[in-house]
Each structure stands twice: as C-alpha cells, then as structure tokens.
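In case it helps, our numbering puts the sequence shown at residues 634 to 821. All residues carry an ideal CB built from backbone N, CA and C; glycine is no exception. Structure first, commentary second.
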Amino acid sequence: MIEKLKKFYLERKNYIQFENVDYTDVYDPYLEEKVSNPIMIIGEAPGANEVKERAPFVGMAGRNLDYLISLSKYDRKRDILITNAFPFRTFEANKNRTPKAKELKEGAKLLIQEIKIVQPKMILLLGNSSIKAFSYIAPEVKHFEKNSINKIKVEGIDTKIGISYHPSPISFNRKEIRKNLEEFFTQL
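Okay, here's the thing in structure tokens:
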C-alpha cells in the first residue's frame, strides 16, 4: 500500500488544473509507519502552513486534531492516514480559501483512487468541505447526522463513515461543537 500511495501522491497533480491552486505535494508524513487498512481522516484542503511543512493538519487545527485523536484508542502515526477533500492549497490574494464546488468534485475523483489504495476500515469526514466532496462519491453522506458513524460501501469496499465538525480553532472555541468533537473521537 505504501509504495502505491506515494506514487499516487506524486502523480495526482497531473489530473487537476485550476487557477489559484498551489500544487505543492502535501501528504501524511508518517506513511512508512501505517498499519494495513488505517482509519482515513479527510479534512478540507491544505493551507499555507501545510504547504510550508508539506504535511496535513499542522497548524492550530492540527493541534486540535492531535488532541482529539488522543481521546481515541488510536495512534496518529500508525493507525490514521490524514488526507484532504481537495489535495492542494486553494487561495485568493495569497490567503487560504475554501475549495470551490468544481474543485471538490475533482478532488472526489482523487479520493476514490486514494480509497482504493488504502482500503480504510473507517473514513472520518471532518467539516463541510469533506462531506460535500464525499457526497460526489456517495450521495447518502449528506443525510448522515453529525457525530454519527454509519456503515457504507464505497467503491466495492465495506467500511464505516464518520461525520463530524472540522477541528478548526473557530469550531474549538464554540463549546458545543468542541464537546461534540470530543465525544465523537472518544467513541471511535
């Protein structure tokens, strides 16, 4: 899985062409340590910090995610593969921006390929962008409740889909959302 995934990450920029996108490769820095069929966490898109460090979830949202993962029984380096709904940084006037619908639709095509390689035992969609992108693959995810885990078949793979909020600092500052995220990760 690891070698196929590395090759996929290096080639995926060849399949997307949009303006105001930084095509720097950003992917989980712990690929070599992953177990087979890890949990796949899908966030929105890399930001400037992620591009600089070439790894997902490295800023405040990343620290929040590390905390949430610590509440689960899983290890980020070994048990969890972190990726994005759109794999490259989207920006406007050099500021991060939310990926547009057409970008998320193309990102979903790449997610399908990534899922086929990883064959995750569970997929966690964190935030509206990842839910929207994944709805191009499996439309029923739009109807799943936040903080729920649902059985689903994706590209012939039986797995579970977890839906929750993005661990951004804005979300974390809202007590109810933070509590929901903490409960969600505790139940994994």
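* Expressed to the nearest angstrom, what Euclidean distance is found between the alpha-carbon atoms of Asn780 and Gly789? -> 24 Å
* Asked: At which residues does the beta strand (DSSP E) containing Val787 begin and terminate?
  -> Per DSSP, Val787 belongs to the beta strand (DSSP E) from 781-787.
* Cβ neighbour criterion (16 or more within 10 Å) applied to Asn717 -> Buried, since its Cβ has 16 or more Cβ neighbours within 10 Å.
* Looking only at C-alpha atoms, which of Lys667, Glu677, Glu652 sits nearest to Ser763? -> Glu677
* To do: Check the C-beta distance from Tyr798 over to Gly760 and give it rounded, since I have them as a contact under 8 Å.
  => 6 Å
* Residues bridged to Ile713 (per DSSP) -> Ile672
* Asked: Around the C-beta of Ser801, are 16 or more other C-beta atoms found within 10 angstroms, so that it is buried, or is it exposed?
  -> buried
* Asked: Which residues mark the beginning and the end of the alpha helix (DSSP H) in which Phe767 is found?
  -> 761-768
* To do: Would you mind stating whether Ile708 and Pro671 have Cβ atoms separated by less than 7 Å?
  => A quick correction: the sequence has Asp, not Ile, at residue 708. In this structure, Pro671 does not lie closer than 7 Å to Asp708 by Cβ.
* To do: Could you tell me whether the region 768-788 touches the region 682-701, using the rule of 3 or more Cβ pairs below 8 Å?
  => Using a C-beta cut-off of 8 Å, the region 768-788 makes no contact with the region 682-701, since fewer than three inter-stretch Cβ pairs fall below that distance.
* Between which two residues does the beta strand (DSSP E) containing Ile796 stretch? -> Note, Ile796: beta strand (DSSP E), 790-797.
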